[in-house]
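Have a look at the structure below, then the notes.
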Amino acid sequence: MSWRRIALLACCVALAACSKVNQKNFSQLKTGMPKAEVETLLGDPSECSGAAGFTSCTWGDQQTYISVQYAGDKVLLFSGKGLK
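Going left to right, the sequence shown walks through residues -16 to -1, 1 to 68 as mature numbering (1 follows the signal peptide of the UniProt record, and there is no 0) numbers them.
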């Protein structure tokens, strides 16, 4: 295996380990938390959608994610899947 491939593999492993979508960050979420504080904790969401003052944002992918529902800019509900 070439050094370039080894370096690329090492970078991929390091980036996966640095994901903010994890049990530690999920346990810090609280109902009523401001949206800006959630984004400081988790970074920019993968996707958001909403209407009529309610927004739903998701961080991660189909296997590992954190989903947060907001009323205005405050956390109303949150859930997670596949967190380590």
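Glycine included, every Cβ here is placed at the ideal spot set by N, Cα and C. Computed from a predicted structure; not experimentally measured.
Per DSSP, the bridge partner or partners of residue i
i, result
"GLU31", "THR42"
"LYS8", "In the DSSP output, where bridge partners are listed per residue, LYS8 has none listed."
"LYS65", "TYR49"
Buried or exposed (CB count within 10 angstroms, at least 16 for buried), residue i
i, result
"CYS32", "exposed"
"LEU61", "exposed"
"PHE10", "buried"
"GLY66", "exposed"
"GLY64", "buried"
"GLY34", "exposed"
"GLY44", "buried"
Local conformation of residue i per DSSP, three classes
i, result
"VAL22", "helix"
"LYS14", "coil"
"GLN53", "strand"
Nearest-angstrom beta carbon gap, residue j and residue i [assumed within contact, 8 angstroms]
i, j, result
"VAL52", "VAL5", "Not quite, the Cβ-Cβ distance comes to about 11 angstroms (not below 8 angstroms), so this is no contact."
"TYR49", "LYS19", "The pair is not a contact, with the Cβ atoms about 17 angstroms apart (cut-off 8 angstroms)."
Closer than 6 angstroms: residue i CB and nearest the ligand ADP heavy atom
i, result
"PHE62", "Judged by which ligands are present, the structure shown has none, so any question about the ligand ADP falls away."
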